[in-house]
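Engineer:
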Amino acid sequence: MITRLEDKELKRQSRRQLLKLAPVAALGVFAFPKVSDRLVAAGVRFSDWASGGLFRSQHPAQTFSDSEVVPFAKFPYNGYDVLDPEVDFEKWTLTVAGDVQRPGEYKLEQIQALPKLNQNTRHVCVEGWDVVGSFGGTRISDFLTLVGANTGARFLEVECADDYYESIDMASALHPQSLLCYEMYGQPLDRGHGAPLRLQMPTKLGYKQAKYLDTIRVTNVLKPGKSGYWEDQGYSWFGGL
Amino acid sequence: MENEQEKKQPVPPPDKAADAESGAVEGTVAKLDMVAAAAYEHPLPIRITHWANAISLFVLVASGLRIFRAFPSFGPKIPEKVLLDIPKSLTLGGWLGGALQWHFTFMWFFAASGVVYVAYQVVSGHYRTMLFTPRDISGVWPMTRHYFFFGPRPAATGQYNPLQKLAYTSSILFGALALLTGIVLYKPVQFSGLAFLFGGFHLTRVWHFAAMCGFLAFIPGHLIMVVLHGWANFYSMLSGWKREPEYQE
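First to last, the protein sequences are chains C and S.
At position 187 of the first sequence the residue is numbered 1572 (our numbering), and the sequence of numbers has no breaks.
At position 149 of the second sequence the residue is numbered 718 (our numbering), and the sequence of numbers has no breaks.
1. Please state whether DSSP places His1560 of chain C in a helix, a strand or coil.
2. Looking at the structure shown, is Leu1449 of chain C part of a helix, part of a strand, or coil, going by DSSP?
3. Should Asp1630 of chain C be labelled buried (16 or more other beta-carbon atoms within 10 Å of its own) or exposed?
4. Please list the partners that Gly1579 of chain C has in chain S, where partner means a Cβ-to-Cβ separation under 8 angstroms.
5. Taking C-beta to C-beta, are Gly1533 of chain C and Lys1589 of chain C nearer than 7 angstroms?
6. Let me make sure I understand the geometry here. Which of C:Leu1559, C:Pro1573, C:Arg1602 has the alpha-carbon closest to that of Gln1486 of chain C?
7. Would the segment 604-615 of chain S count as touching the segment 686-706 of chain S if we require 3 or more Cβ pairs under 8 angstroms?
8. Taking its Cβ as the centre, do 16 or more other Cβ atoms sit within 10 Å of Ser625 of chain S, making it buried, or is it exposed?
9. Residues of chain C with CB closer than 8 angstroms to the CB of Ala639 of chain S, please, in chain order.
10. Given a threshold of 16 other Cβ atoms within 10 Å of its Cβ, counted over all protein chains shown, does His1560 of chain C qualify as buried or as exposed?
11. What do you get for His771 of chain S, buried or exposed, if any count of 16 or more other CB atoms within 10 angstroms of its CB means buried?
12. Residue range of the beta strand (DSSP E) that Gly1522 of chain C falls in?
13. I want to know whether the segment 1499-1512 of chain C touches the segment 1520-1539 of chain C - three or more CB-CB distances under 8 angstroms.
14. For a cutoff of 7 angstroms on Cβ pairs, would you count Pro1456 of chain C as touching chain S?
15. Could you check the C-alpha separation between Ser632 of chain S and Glu1544 of chain C for me, to the nearest Å?
16. Taking only the alpha-carbon atoms, compute the straight-line gap between Cys782 of chain S and Glu1551 of chain C and give it to the nearest angstrom.
17. Closest Cβ-Cβ distance between Val1425 of chain C and chain S: below 7 angstroms?
18. Taking Gly762 of chain S as the query, report the chain C residues whose CB atoms sit under 9 angstroms from its CB, ordered along the chain.
19. Does DSSP put Lys811 of chain S in a helix, a strand or coil?
20. Cβ of Lys1459 of chain C less than 7 angstroms from any chain S Cβ?
21. Taking Ser1442 of chain C and Ala1556 of chain C to be in contact with their CB atoms under 8 angstroms, please state how far apart those CB atoms are, rounded to whole angstroms.
22. On a CA-only basis, which of C:Arg1423, C:Tyr1549, C:Val1454, C:Pro1418 is nearest Gly1571 of chain C? Give me that one, please.
23. Report the neighbours of Val1429 of chain C on chain S: residues whose CB is nearer than 9 angstroms to its CB, in chain order.
24. Given Leu659 of chain S, which residues of its chain have a CB within under 8 angstroms of its CB, disregarding the five upstream and five downstream residues?
25. Return the Cβ separation of Ser740 of chain S and Phe803 of chain S in integer angstroms, given the expectation that the two are a contact with Cβ distance under 8 angstroms.
26. Closest to Trp664 of chain S by C-alpha separation, out of C:Gln1585, C:Glu1512, C:Tyr1567, C:Lys1611, would be which residue?
27. Could you give the C-beta distance for Gly736 of chain S and His791 of chain S, rounded to a whole number, given that I count them as a contact under 8 angstroms?
28. CB-CB under 7 angstroms to Met676 of chain S, same chain, minus the five flanking residues each way: which ones, in chain order?
29. Three or more C-beta pairs closer than 8 angstroms, one from the segment 1467-1487 of chain C and one from the segment 1425-1443 of chain C: is that the case here?
30. Gln1585 of chain C: buried (16+ other C-beta within 10 angstroms of its C-beta) or exposed?
31. Any beta-carbon of chain C closer than 7 angstroms to the one on Pro757 of chain S?
32. Name the chain S residues whose beta carbon is nearer than 8 angstroms to that of Phe1440 of chain C?
33. Once you ignore the five residues that flank Val685 of chain S on each side, which residues in its own chain have a CB closer than 6 angstroms to its CB?
34. Could you pull the start and end residues of the alpha helix (DSSP H) that His798 of chain S belongs to?
35. Could you have a look at Gly1610 of chain C and say whether DSSP puts it in helix, strand or coil?
36. Does chain S have any CB closer than 7 angstroms to the CB of Gly1610 of chain C?
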């Protein structure tokens, strides 16, 4: 539709409309690190909050047949520091602490005595690659029952023999496919993949799957600045798939 | 206030307008300068979403390229075949974690502006000015010939010519593809049905990248056309009004 407008009126309109764009133009200030750091930190917090809301506690991750699993040799070894922190398997125990009725040291045999679950699931790395692997272990939820954990608590914190550390939300920990994993491809976990015990949760990204587990703590409060090795440097804390 | 033009009725005497064009008497020209033809092309919601989208898209592409650098391949991790070495200078975020923060922040702006834009287009009926329909097919080639091979300029029939409609409509489809595949990459387990539709997580990464390529094809053309067609085009996306539109009705 063509309308004729007084030139002055047209200019006035333009200027006023330009002002309305101020909020959009304000996005330009995000080019300044001080502002943008806070903005994106808020963005990640919001995304994590939304992720928690989107998480369906009983919705299973896709499982695969044995023929769809990549050969063991093509399952990448990933570590942030060393691939073998030289855990002494003879003396190894899992320390359980925090909001639990039976804290203390747990042997691998005690964990293996719980029902075992084998699953072929997709391991997704934050970098973008993914690989279908074969994992065996006991459900985290079964182990939490064994130690009398308060599953109403918010978090599970883990510490590792290689000084890696992680924390996960209780809902994800209780997911029926979330494992304390001690086997891959039907064999005991090897040192590079986190022997003797690692987390394996097909609803989480790879960096949440802490290896060489040392300590598990049930808690409502995360240690400040210690929510996870990579998270403390800027990765999303929820890290959920 | 978008309706203010209704109060201002057309004023120019047609004979004087003709004089002005031939550059007639000085006084007449000055007087006529006070009056200009203008079309209200872009309602406010379109303008806001356009700029919110432009900014988000810039951030998402630049940070997305940084994320892609972390694993620049669509194949397996072992062995990893590097598909593209994207220069760091083209990327945003500094490292994978930083780029993800930008991506996870601006994906919300991108999604929100896209949803508001499409909803407004549909509800207002304004989409009729830009939606590419089968009727526009026959007009694509003449327009292409005009732009790329200096063919004769086809008569303008509406706010947008068929080639523009094709470009704008496909950019919306790229946006929808980018958004849906992005949801799958972000939450492949929670949105397992959608992941299945795109052929699984692994393949979805390819579609997500393809959507970006679509935008990268659209944006330079879009910017070049705006520059070639002059300031009035750019200005109308700010104010809504376009001076001296080249089309009637």
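For every residue, glycine included, the Cβ atom is placed at its ideal position computed from N, Cα and C.
Structural biologist: With the given structure in hand:
1. coil
2. First, the amino acid is wrong: residue 1449 of chain C is Phe here, not Leu. Coil at Phe1449 of chain C, not helix or strand.
3. Here chain C comprises residues numbered 1386 to 1626, so residue 1630 of chain C is not present and cannot be evaluated.
4. Correct list: empty, because the minimum Cβ distance to chain S is about 17 angstroms.
5. no
6. C:Arg1602
7. yes
8. buried
9. Val1511, Glu1512, Gly1513
10. His1560 of chain C counts as buried, since at least 16 other C-beta atoms from the protein chains shown sit within 10 angstroms of its C-beta.
11. buried
12. 1515-1524
13. yes
14. With respect to chain S, the C-beta atom of Pro1456 of chain C has no partner C-beta closer than 7 angstroms.
15. The alpha-carbon atoms of Ser632 of chain S and Glu1544 of chain C are separated by roughly 31 angstroms.
16. 36 angstroms
17. Closer than 7 angstroms to some Cβ of chain S, the Cβ of Val1425 of chain C qualifies, so yes.
18. The premise fails here: Gly762 of chain S is roughly 11 angstroms from chain C at the closest Cβ pair, so nothing lies under 9 angstroms.
19. Under the three-state reduction of DSSP, Lys811 of chain S is assigned to strand.
20. yes
21. Sure, about 5 angstroms apart at Cβ, within 8 angstroms.
22. C:Val1454
23. Leu669, Gln670, Phe673, Thr674
24. Ala631, Leu634
25. Not confirmed; about 17 angstroms, so no contact.
26. Closest by alpha carbon: C:Glu1512.
27. Sequence check: residue 736 of chain S is Ala here, not Gly. Between His791 of chain S and Ala736 of chain S the Cβ distance is about 7 angstroms, and since that is below 8 angstroms, they are a contact.
28. Leu629, Gly751
29. no
30. buried
31. Interface residue, yes.
32. Simply Gln759.
33. Within the same chain, Thr618 come within 6 angstroms of Val685 of chain S by CB-CB distance, once the 5 residues on both sides are set aside.
34. 769-798
35. Coil.
36. no
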